[in-house]
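**Student:** For the sequence shown, the residue numbers in my numbering are 3 to 389.
We treat Cβ as the ideally placed atom computed from N, Cα and C, and that holds for glycine.
Predicted, not measured: the structure shown is a model, and the values here were computed from it.
Once you've had a glance at the structure underneath, I'll fire off some questions.
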Amino acid sequence: MPKILIIEDEAAIRRVLVKILSEENDTYQVEEAEDGLAGIEKIKKEDYDLVLCDIKMPKMDGVEVLEAVKKIKPETPMVMISGHGDLDTAVNTMRLGAFDYISKPPDLNRLLNTVRIALDRKELVVENKMLKKKVSKNYEMIGKSDGIARIKDMIDKVAPTDARVLVTGPNGTGKELVAHWLHQKSDRSKGPMIEVNCAAIPSELIESELFGHVKGAFTSAAKDRAGKFEAANGGTIFLDEIGDMSLSAQAKVLRALQESRIQRVGSDKDIKVNVRVVAATNKNLKKEIADGKFREDLYHRLAVILIEVPALNDRREDIPLLINYFADKISGEQGNAKKSFSAKAIKLLQNYDWTGNIRELRNVVERLIILGEKEVSESDVKAFASK
Numbered sequence: 003m004p005k006i007l008i009i010e011d012e013a014a015i016r017r018v019l020v021k022i023l024s025e026e027n028d029t030y031q032v033e034e035a036e037d038g039l040a041g042i043e044k045i046k047k048e049d050y051d052l053v054l055c056d057i058k059m060p061k062m063d064g065v066e067v068l069e070a071v072k073k074i075k076p077e078t079p080m081v082m083i084s085g086h087g088d089l090d091t092a093v094n095t096m097r098l099g100a101f102d103y104i105s106k107p108p109d110l111n112r113l114l115n116t117v118r119i120a121l122d123r124k125e126l127v128v129e130n131k132m133l134k135k136k137v138s139k140n141y142e143m144i145g146k147s148d149g150i151a152r153i154k155d156m157i158d159k160v161a162p163t164d165a166r167v168l169v170t171g172p173n174g175t176g177k178e179l180v181a182h183w184l185h186q187k188s189d190r191s192k193g194p195m196i197e198v199n200c201a202a203i204p205s206e207l208i209e210s211e212l213f214g215h216v217k218g219a220f221t222s223a224a225k226d227r228a229g230k231f232e233a234a235n236g237g238t239i240f241l242d243e244i245g246d247m248s249l250s251a252q253a254k255v256l257r258a259l260q261e262s263r264i265q266r267v268g269s270d271k272d273i274k275v276n277v278r279v280v281a282a283t284n285k286n287l288k289k290e291i292a293d294g295k296f297r298e299d300l301y302h303r304l305a306v307i308l309i310e311v312p313a314l315n316d317r318r319e320d321i322p323l324l325i326n327y328f329a330d331k332i333s334g335e336q337g338n339a340k341k342s343f344s345a346k347a348i349k350l351l352q353n354y355d356w357t358g359n360i361r362e363l364r365n366v367v368e369r370l371i372i373l374g375e376k377e378v379s380e381s382d383v384k385a386f387a388s389k
């Protein structure tokens with residue numbers, strides 16, 4: 003039920019606003035405050051979906067209320083109520099963060115329309131925050147081992163900068179989690195995070211995928227198309243499995259890093275881009291360089307910061323935490339009660355050789371939740387998680 007606060011020193015105006023809002027929508031919960039100070043006290047104690055606030059009031063005027071609310075509850079939309087002589091001030095409040103303003107006496111349709119739009123906007127803001135929390139949880143890094151602690155510490159130091167990062171480690175260790183944390187903890191977190199799996203794109207299409215193309219650049223190029231670098235402008239591009247990129251594409255990536263410019267395939271027009279590059283690979287790039295398969299100059303451009311993600315076999319102390327995390331997550335996804343794992347089952351899983359790393363562990367936990375007993379036992383592990 004949307005909660006609306008009306009801050010207005012004229013009792014007659016308050017009554018009119020309450021009547022209009024209550025008759026329009028009986029789900030609105032409308033409260034009143036007779037001046038700015040009383041309104042601020044209410045806002046400190048309660049969360050409101052919308053505040054309607056007069057500009058000229060004793061004790062504390064509407065501009066002061068707006069500035070105070072932006073400090074204590076910045077997400078709360080404020081609609082200012084202005085008299086005929088307050089229009090310049092009302093317009094100025096928009097620059098200070100007010101959602102909108104309405105004039106006295108309030109026009110019925112304008113008032114109701116402004117209230118509906120403001121409440122819809124607040125709902126979108128809340129949903130967006132919840133979505134960001136879900137995204138963050140999806141990319142949570144689980145573990146307390148020394149290896150994971152070092153990575154988290156490095157991310158905290160590196161994320162606020164624009165330094166390029168090369169993440170290395172075996173398949174299934176969670177290199178993409180490092181990339182997402184680098185983005186989410188950076189000043190670019192409000193910008194896009196674009197992922198490119200270089201190993202999954204055919205070599206003849208990788209340049210078009212990264213840099214886009216113009217109509218007619220090749221047989222199937224029916225129209226102009228922007229590439230991933232343009233899509234990531236203002237944010238982060240994550241080049242996963244960069245060791246599988248063709249030498250031709252590597253040359254273009256190198257130019258993009260050197261000059262912050264790209265060219266679409268089939269065009270000679272430069273397009274300026276502002277992206278942070280995070281790359282990852284499971285290959286030994288120094289060996290690839292020696293074999294002539296990877297450019298040394300690109301390696302040095304990418305590897306400003308090196309983060310190595312350890313194999314699961316090198317952080318076995320994290321396995322109980324990971325089992326609990328996956329059990330909770332998988333049970334929630336399936337809509338079932340969470341299953342527990344016996345101490346002996348966990349111990350047995352800790353001693354396995356996890357060649358597929360965390361990805362393999364997750365699959366095994368899901369299998370045991372589906373096939374195991376209410377409490378997953380050592381015998382369940384032996385029966386269903388055989389290596």
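So residue 162 packs on residue 188, CB below 8 angstroms; how close in whole Å?
**Tutor:** Confirmed, about 6 angstroms.
**Student:** Starting from residue 103, trace the beta strand (DSSP E) both ways and give me its first and last residue.
**Tutor:** Counting along the chain, the beta strand (DSSP E) containing residue 103 begins and ends at 102–105.
**Student:** Helix, strand or coil: which one does DSSP assign to residue 221?
**Tutor:** Here residue 221 sits in coil by DSSP.
**Student:** Suppose you measure from the CA of residue 42 to the CA of residue 61; what does that come to, to the nearest Å?
**Tutor:** Spanning the two alpha carbons is a distance of roughly 12 angstroms.
**Student:** What runs of the alpha helix (DSSP H), each 4 residues or longer, lie entirely inside the segment 134–219?
**Tutor:** Fully enclosed alpha helix (DSSP H) runs of 4 or longer: 148–160, 177–186, 208–213.
**Student:** Residue ranges of each beta strand (DSSP E) run of no fewer than 3 residues wholly in the segment 215–272, ordered along the chain?
**Tutor:** If we require 3 residues or more, the beta strand (DSSP E) runs fully inside the segment 215–272 come out as 238–242, 263–265.
**Student:** Does the segment 313–325 come within contact of the segment 242–260, defined as at least 3 CB pairs closer than 8 angstroms?
**Tutor:** Because the criterion of three Cβ pairs below 8 angstroms is not met, the segment 313–325 and the segment 242–260 do not touch.
**Student:** For residue 349, which of helix, strand or coil comes out of DSSP?
**Tutor:** Three-state result, residue 349: helix.
**Student:** Measuring only the C-alpha atoms, how far is residue 21 from residue 112?
**Tutor:** Approximately 15 angstroms between the Cα atoms of the pair.
**Student:** Mind checking residue 220: buried by the 16 CB within 10 Å criterion, or exposed?
**Tutor:** Flag for residue 220 reads exposed.
**Student:** Flag this pair as touching only if the segment 274–283 and the segment 221–239 have three or more C-beta atom pairs under 8 angstroms; answer yes or no.
**Tutor:** Yes: the two stretches touch, three or more of their Cβ pairs being nearer than 8 angstroms.
**Student:** Give me, in chain order, the residues of the same chain whose beta-carbon lies closer than 8 angstroms to that of residue 252; leave out the 5 immediate sequence neighbours on both sides.
**Tutor:** Taken in chain order, the residues that qualify are 296, 297, 300.
**Student:** Can you list, in chain order, the residues of its chain whose CB lies under 7 angstroms from that of residue 233, leaving out five sequence neighbours each side?
**Tutor:** The residues are 194, 196.
**Student:** Can you tell me which of the three DSSP states residue 3 falls into?
**Tutor:** In the structure shown, residue 3 sits in coil (DSSP, three-state: anything other than H, G, I, E or B).
**Student:** Skipping 5 residues on each side, what residues in its chain have a beta carbon closer than 6 angstroms to that of residue 64?
**Tutor:** Taken in chain order, the residues that qualify are 55, 56, 57, 82.
**Student:** In the segment 306–357, which residue ranges form an unbroken beta strand (DSSP E) of at least 3 residues, counting only runs that do not cross its ends?
**Tutor:** List check, beta strand (DSSP E) in window: 307–310.
**Student:** Taking 7 angstroms as the cut-off, is the CB of residue 151 close to at least one heavy atom of the ligand MN?
**Tutor:** The model on display carries no ligand, and the ligand MN is accordingly not part of it.
**Student:** Assess, as a yes-or-no matter, whether the segment 337–350 is touched by the segment 368–377 under the definition of 3 or more beta carbon pairs within less than 8 angstroms.
**Tutor:** At 8 angstroms Cβ cutoff, the stretches touch.
**Student:** Alpha carbon to alpha carbon, how far is residue 47 from residue 70?
**Tutor:** Taking the straight line joining both Cα atoms gives about 14 angstroms.
**Student:** How do the segment 109–124 and the segment 149–169 stand: do at least 3 beta-carbon pairs fall below 8 angstroms, yes or no?
**Tutor:** No, the segment 109–124 does not touch the segment 149–169.
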